[in-house]
Amino acid sequence: MRRRTFLYSGAAAASVALPGWAHAQQQVSPGIDVASKTVTVGAFTPITGPVPFYTILTHAAESCFKWANETNALNGWKINFVTYDDGYEPARSVAVTRRLVEENKIFALTAATGTAQSVAVIPYAKEVGLPMIGPIGGASALFSERLVFPLLPDYGWSAAANLDYAWSGLNAGRVALLWENDELGRSAKRGFDLHMASRKKEPAESIPFEVRSTDFTPHVRRLANAKADVVILFGSNANLAAALKAADRISYETKWMAPFFTADPTTRKLAGPLLDGVYFSSWLMPVTSDDPQIKAYRDNVAKYYPSDPIGVFGLNGWSNGALFVKGFQALLASGKPLTRASFVDVMETISNQAIGGARNVTFTAGDHRGARQEGIIQAASDGSFKLLRDFQPYPPEVFDAKLS
Numbered sequence: 021m022r023r024r025t026f027l028y029s030g031a032a033a034a035s036v037a038l039p040g041w042a043h044a045q046q047q048v049s050p051g052i053d054v055a056s057k058t059v060t061v062g063a064f065t066p067i068t069g070p071v072p073f074y075t076i077l078t079h080a081a082e083s084c085f086k087w088a089n090e091t092n093a094l095n096g097w098k099i100n101f102v103t104y105d106d107g108y109e110p111a112r113s114v115a116v117t118r119r120l121v122e123e124n125k126i127f128a129l130t131a132a133t134g135t136a137q138s139v140a141v142i143p144y145a146k147e148v149g150l151p152m153i154g155p156i157g158g159a160s161a162l163f164s165e166r167l168v169f170p171l172l173p174d175y176g177w178s179a180a181a182n183l184d185y186a187w188s189g190l191n192a193g194r195v196a197l198l199w200e201n202d203e204l205g206r207s208a209k210r211g212f213d214l215h216m217a218s219r220k221k222e223p224a225e226s227i228p229f230e231v232r233s234t235d236f237t238p239h240v241r242r243l244a245n246a247k248a249d250v251v252i253l254f255g256s257n258a259n260l261a262a263a264l265k266a267a268d269r270i271s272y273e274t275k276w277m278a279p280f281f282t283a284d285p286t287t288r289k290l291a292g293p294l295l296d297g298v299y300f301s302s303w304l305m306p307v308t309s310d311d312p313q314i315k316a317y318r319d320n321v322a323k324y325y326p327s328d329p330i331g332v333f334g335l336n337g338w339s340n341g342a343l344f345v346k347g348f349q350a351l352l353a354s355g356k357p358l359t360r361a362s363f364v365d366v367m368e369t370i371s372n373q374a375i376g377g378a379r380n381v382t383f384t385a386g387d388h389r390g391a392r393q394e395g396i397i398q399a400a401s402d403g404s405f406k407l408l409r410d411f412q413p414y415p416p417e418v419f420d421a422k423l424s
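If you read the sequence shown in my numbering, its first letter stands for residue 21, the second for the next number, and so on.
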C-alpha cells in the first residue's frame with residue numbers, strides 16, 4: 021500500500037497557555053505528542069481501484085490541515101496526516117484503519133473516503149475507541165454511533181430532497197431511482213422509498229447497479245420502457261457519466277438528478293456536454309462563494325494541488341477536514357485531558373457552526389446529524405454549476421425518521 025504523510029509546521033506563533041494544561045499533559049490518548057504539540061490523524065483513500073479520482077477529497081482535506089498548521093489555527097499545535105490506499109474496498113479499509121491505529125498511533129480517523137468503507141470500519145473503531153470525524157459517506161449507519169461524527173447528510177435525506185424537487189420543481193409524474201448496490205445506494209433507496217410512501221406514490225422503476233458498472237444500457241432501457249420523466253441516480257461520478265452516455269446512445273430523453281458530489285468538474289470531464297442540464301441536491305455552499313472559509317479552500321488547494329479541479333468534490337473533502345480542526349480547537353480550549361473520550365464529549369457541543377462549505381452544523385448527545393439542509397443546483401453549458409433553489413430543510417418525514 022502506498023503511504024502519504026505530511027507534517028508541516030510553518031511559522032507558528034508562541035503557544036498560548038490553556039486552562040487545565042498541566043492536567044491535560046498527564047492524561048493523553050495515542051496520537052497526541054505533547055512535547056512536539058502534534059496530533060496524528062489518518063485516513064484511507066482510493067489511490068487505486070474504480071474511483072482513483074476520489075483522492076481529490078483526500079488532497080483537499082490534507083490542504084485544510086496544512087492551512088491550519090500554516091495559520092496557527094490550533095495555538096501552536098500541528099496536525100500530522102497519514103493516509104494509505106484501500107482501493108475503495110471495504111475489507112482493505114478495515115485493514116488500513118488497523119494499521120493506522122497500531123503502527124501510526126492515530127488519535128482519530130479523519131476525512132476517510134467512502135460510504136461502504138466507513139461503515140465497514142465502525143466495529144473496529146468501537147473496539148478500540150477510535151473517533152471517526154467527517155467520514156466522507158452518507159449511510160444511515162454512520163449516524164447511529166457515538167464515536168462517529170458525519171458532516172455529510174444521510175444519502176436517504178439527499179435522495180428525498182431530490183425527489184421533493186422532482187415533484188415540486190420539475191412537475192414530474194413518473195420518477196425512477198437508479199442506485200448503487202452498496203450502503204451508499206441502499207441508504208438513498210431507504211429515503212427515496214420513505215418519501216414515496218409518505219405521498220402514497222410508487223416509483224416508475226427502482227434499479228440497482230454495481231459500483232464497477234460501466235455499461236448502463238440495460239438499466240436505461242428499463243427506464244425508457246417505464247417512461248420515467250425524471251431519473252434520480254445515486255452512484256459515483258463515473259456511474260452518472262456512463263448512464264448519461266447510455267441514454268444518449270438509445271436516444272432516451274429524461275431529466276436526470278444526482279447527489280452533490282457528482283456536481284463537479286470531474287464529472288464534466290467524464291460526461292462532457294451530456295452533463296448539461298443535470299440537477300443536483302447539495303448541502304454545500306457554492307464553490308464560487310466569497311465566504312472566507314470557501315476562499316481558503318480555493319486558495320490552498322490551488323497552492324498544494326494545482327492540478328486538482330476546484331469544485332464541490334474538493335470542497336467536500338476540505339469541509340470534512342475542517343470538522344476535525346474545529347473539534348480539536350474546541351478540545352484545546354476546553355482544558356479537558358487530550359483523550360479520545362474528551363474529544364468525543366467536546367464534539368457533541370458543536371452548535372450552529374459554519375464549517376468549511378457547510379452551515380448550521382450541530383452535534384449533540386444522541387444526535388449526530390451534521391448537515392441539515394440542501395439546495396438544488398444545475399449543470400450549465402458554460403461548465404459552471406448554478407444554484408437554482410436556496411437551501412431548505414430535508415423533508416421531515418425522512419429527516420426525522422428513526423435511523424436503522
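Just so it is clear, CB atoms sit at the ideal spot from N, CA and C, and this is done for glycine as well. Please read these numbers as outputs of a predicted model, since none were measured by experiment.
| Query | Result |
| --- | --- |
| Leaving out five residues before and five after residue 294 in sequence, what residues of the same chain have Cβ atoms less than 7 Å from its Cβ? | 264, 265, 268 |
| Between the alpha carbons of residue 176 and residue 199, how many angstroms are there, rounded? | 11 Å |
| In whole angstroms, what separates the C-alpha of residue 96 from that of residue 57? | 7 Å |
| Compute the Euclidean distance between the alpha carbons of residue 191 and residue 249, then round it to the nearest angstrom. | 9 Å |
| Cα separation between residue 356 and residue 362? | 6 Å |
| If you count every other CB in all the chains shown that lies within 10 Å of the CB of residue 320, and 16 or more means buried, which is it? | buried |
| Look at the alpha carbon of residue 49 and the alpha carbon of residue 149, and state the distance between them as a whole number of angstroms. | 10 Å |
| Taking its Cβ as the centre, do 16 or more other Cβ atoms sit within 10 Å of residue 271, making it buried, or is it exposed? | exposed |
| If I follow the unbroken beta strand (DSSP E) through residue 228, where does it start and stop? | 226–229 |
| Given residue 275, which residues of its chain have a CB within under 6 Å of its CB, disregarding the five upstream and five downstream residues? | 190, 250 |
| Can you name, in chain order, every residue of its own chain whose Cβ lies under 6 Å from the Cβ of residue 327, other than the five neighbours on each side? | none |
| Over the uninterrupted alpha helix (DSSP H) stretch that includes residue 291, give me the two end residues. | 285–291 |
| For residue 394, report the span of its beta strand (DSSP E) as first-last. | 393–399 |
| Quick check on the burial criterion: 16 or more other C-beta atoms within 10 angstroms. Buried or exposed for residue 44? | With a pLDDT of 38 at residue 44, under the threshold of 50, the predicted position of this residue should be treated as unreliable, though the coordinate-derived value follows. Burial call: buried. |
| Return the chain-ordered list of same chain residues with a C-beta closer than 6 Å to the C-beta of residue 159, the five sequence neighbours on each side being excluded. | 135, 139, 203, 207 |
| Going by DSSP, name the residue or residues bridged to residue 136. | Per DSSP, none; premise fails for residue 136. |
| On the premise that residue 126 lies in contact with residue 68, defined as a C-beta separation below 8 Å, what is that separation, rounded to the nearest angstrom? | Actually they are not in contact, since the Cβ atoms of residue 68 and residue 126 sit about 22 Å apart, beyond 8 Å. |
| For residue 413, is the classification buried or exposed, using 16 other Cβ atoms within 10 angstroms of its Cβ as the cut-off for buried? | exposed |
| Using only alpha-carbon positions, find the residue among 232, 242, 241, 409 that is nearest to residue 255. | 232 |
| Taking the alpha-carbon positions, what's the residue 343 to residue 128 distance? | 12 Å |
| Alpha carbon to alpha carbon, how far is residue 81 from residue 223? | 37 Å |
| Could you spell out where the beta strand (DSSP E) holding residue 277 opens and where it closes? | 275–278 |
| Express the C-alpha separation of residue 370 and residue 310 in angstroms, rounding to a whole number. | 24 Å |
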